[in-house]
Structure formats: C-alpha cells, structure tokens
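Reading through the structure tokens given below for one structure.
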Amino acid sequence: MIADVLKELQNLDPYKSAGLDNLDPLLVKLSSAIVATPITSLFNFSFVLSDIPKNSNASAVIPLFKGGDTLDPNCYKPISILPCLSKVFESQVNKQITDHFESHRTFSAVQSGFRAGHGCTSATLKVLNDIRTAIDKRQYCSAVFIKLAKAFDSVPSSDCMFVGSTGVRRRVKTQEVPEIDQSDNKHPWTETEPAPSSKPEPNPQQDPLKWFGILVPQTLKQAQASFKQVVELSAEVATLQSAVLTTRQQLQMKQKSSSQNPDLTD
Numbered sequence: 001m002i003a004d005v006l007k008e009l010q011n012l013d014p015y016k017s018a019g020l021d022n023l024d025p026l027l028v029k030l031s032s033a034i035v036a037t038p039i040t041s042l043f044n045f046s047f048v049l050s051d052i053p054k055n056s057n058a059s060a061v062i063p064l065f066k067g068g069d070t071l072d073p074n075c076y077k078p079i080s081i082l083p084c085l086s087k088v089f090e091s092q093v094n095k096q097i098t099d100h101f102e103s104h105r106t107f108s109a110v111q112s113g114f115r116a117g118h119g120c121t122s123a124t125l126k127v128l129n130d131i132r133t134a135i136d137k138r139q140y141c142s143a144v145f146i147k148l149a150k151a152f153d154s155v156p157s158s159d160c161m162f163v164g165s166t167g168v169r170r171r172v173k174t175q176e177v178p179e180i181d182q183s184d185n186k187h188p189w190t191e192t193e194p195a196p197s198s199k200p201e202p203n204p205q206q207d208p209l210k211w212f213g214i215l216v217p218q219t220l221k222q223a224q225a226s227f228k229q230v231v232e233l234s235a236e237v238a239t240l241q242s243a244v245l246t247t248r249q250q251l252q253m254k255q256k257s258s259s260q261n262p263d264l265t266d
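Going by UniProt numbering, 5 is the number at position 5 of the sequence shown; the sequence numbering is gapless.
Right, dumping it as structure tokens:
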C-alpha cells in the first residue's frame, strides 16, 4: 500500500491551495518519498480501527463568482477546499472498495460510470453495437435517455439502502477527536471511545466515507410514476413499427409486381 500512497502523493496538484490543515500540496509532494511510510501507517491504523478523525476531512468553503450581479448570492457557487491528505485517503478507500467490487463481479456488466476503463465512449459503443445488431437481424431497436437533475441531492438519506451483501459495512465507527495536548504523548488516533447511542445517523451528503450506499426509490409507486412516460413511449414505438412494417410490405408487393410486368415501368 505504500507504493499506492506514494503514487497519490506524487500526483498531487502543487498549484492547489492548502486546506484547513495548512499543509501545502507542493510541500507534501516534494517530501512524498519521506512521508509516504508514516502516512500509510496512519491510513492503515484508520482502516483497522474503522475510525476517521472528525477534522481530518473538514473543508474550507469559499464562494466563486460565476457572473452577473456581485451582490446576488445566487451568482456564486461554493467551492470546497479539502486537505490534501484527505484526498489521498479517500482515493485509497475508493480503490479498496472498487477492487473488492471488481474482484467479486459486483458491478453490472453494462455499468460504465465510476469504473476504470469505462466511460461515455464504452457506453456509446454498447448502444451502437445493439443498434447495428438489431439492424443486421432486421429487428427494431429503440433507446430511451433519462436525465435525472440533482438526483443525489433530491433523495433524503432515509431512502438509502445499504449494500450489506457486498461486504461493505453499514457505517464506520466515528467519534469526536480531541485537540492534541502537547503535554500528553498520546495521539488522538489511538484514543478510541464508543460512540453514544443517541448520536444521530451520519449524512451521506456531508461525508461519503461514513456512509456508503445506493439510492433507491422509497416505494414501488414512485418508480412506476417515474417510468410512466417510458411505457407510453413504448406504445408509440409499437405503433410506428406496425406502420413501417405495413409500408415495407406494400413496397415489396409493388416491386414484385413491377418485376413481373416490366412493360408497365416503361
């Protein structure tokens, strides 16, 4: 794992701003060969304890002007500046989860998003191949494109379903990390206390590392309402297929009649 952490440290953008931890990405990148081993030990310690210090991934949010009226808050978009070590840690968590899913063939064969070696190109090629296959077999092929605007933000956390069968635990143990006391040699990473039972459930929109899940519709009724237009479109496609088939048969009959009576075409 040291090699993976070293690679991520060397790939840090030196022109990025420092986060709340005041660690300059340029400084971390230049010293990556030296700090890779102790950073890897901290990451492994976090994995073993299933614990993430609260302040380790705190972000500084700054407004970025998009254009328009400078006094209008809607003309600004929030930009989060994360600590550089938090980005490296998240990349390692993502790598381990992705490798686990890939090795156990959890991903769907037709999934192109959020997978290495897949993307818009592979998805487009799949659609084109299906269309060409249907044409070669003299079949009809229809495609439905659905755009979900802000799908993740619009679904409340109560509608999340966890993937327990994949081996990913529901949530990691989290705790409030105390401030480092210079007179005490103990490190907050080694202090583990059970979380109180009254602690609220973590919000996946605030910290994806604390809660890994898949968004699903709350009820079957909502899903049926979402695909109502798709069903109506299928009926229209069936009608169009019938009309095209009738037109083709008429053209074939006319062509056959013309070949049998060539004098009629002069």
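Cβ coordinates follow ideal geometry from the N, Cα and C atoms, glycine included.
Stretch pair the stretch 46-61 + the stretch 77-94: three plus CB contacts closer than 8 Å: With contact defined as three or more Cβ pairs closer than 8 Å, the stretch 46-61 and the stretch 77-94 are in contact.
Alpha helix (DSSP H) runs contained entirely in the stretch 62-142, provided each spans 4 or more residues: Runs of the alpha helix (DSSP H) inside the stretch 62-142: 84-103, 120-136.
Start and end residues, beta strand (DSSP E) containing Ile52: Per DSSP, Ile52 belongs to the beta strand (DSSP E) from 51-53.
Backbone CA spacing between Gln96 and Ser108 [nearest angstrom]: If I take the Cα positions, the gap works out to 18 Å.
Residues bridged to Ala60 (per DSSP): Bridge partners of Ala60: Ile81.
Ile34 versus Ser258, Thr106, Leu6, residue with shortest Cα-Cα distance: For Ile34, the nearest C-alpha among the options comes from Leu6.
Range covered by the alpha helix (DSSP H) that runs through Val5: Looking at the DSSP string, the run of the alpha helix (DSSP H) that includes Val5 is 2-10.
8 Å Cβ cutoff met for residue 270 and Pro83: For the chain, the structure presents residues 1 to 266; residue 270 sits outside this window and is missing.
Residue nearest to Glu90 in terms of C-alpha spacing, selected from Met253, Leu9, Arg248, Cys141: The option with the nearest alpha carbon to Glu90 is Leu9.
Per-residue burial, Pro38 [other beta carbons within 10 Å of its own, 16 or more giving buried]: Residue burial annotation: Pro38 is exposed, with fewer than 16 other C-beta atoms found within 10 angstroms of its C-beta.
Neighbour-count burial assignment, Ser17, 16 or more Cβ in a 10 Å radius: Exposed: under 16 other Cβ atoms inside 10 Å.
Alpha helix (DSSP H) segment containing Pro25, residue limits: Boundaries of the alpha helix (DSSP H) around Pro25: 25-30.
Nearest-angstrom Cβ-Cβ length linking Asp24 and Gln92, presumed shorter than 8 Å: That pair is no contact at about 21 Å.
Coarse secondary structure for Pro14, derived from DSSP in three states: Pro14 sits in coil when the DSSP states are folded into three classes, being neither helix nor strand.
Close-in-space but distant-in-sequence residues of the same chain around Ser32 (CB under 7 Å, 5 per side omitted): Residues of the same chain with a CB within less than 7 Å of the CB of Ser32, apart from the 5 flanking positions on each side, are Leu6, Leu9, Gln10 in chain order.
Selected residue, minimal CA-CA separation from Asn22, among Val244, Gln255, Asn55: The candidate whose alpha carbon is nearest that of Asn22 is Asn55.
Proximity winner among Leu125, Ala143, Asn129, relative to Lys137 (alpha-carbon distances): Here the closest residue by C-alpha is Asn129.
Candidates Ser86, Leu26, Arg248, Asn74: closest to Ser46 by CA position: Taking each of Ser86, Leu26, Arg248, Asn74 in turn and checking the Cα distance to Ser46, the smallest one comes out for Ser86.
Contact set for Val127: own chain, Cβ-Cβ below 7 Å, skip 5 residues either direction: Sequence-distant Cβ neighbours of Val127 in its own chain, meaning closer than 7 Å and more than five residues away, are Ala143.
Identity of the residue in Leu27, Ile2, Ser50, Gly19 nearest Thr40 by Cα: The shortest Cα separation from Thr40 among Leu27, Ile2, Ser50, Gly19 belongs to Ile2.
CA-to-CA distance, Cys141 to Arg248, given in whole angstroms: Taking the straight line from one Cα to the other gives about 17 Å.
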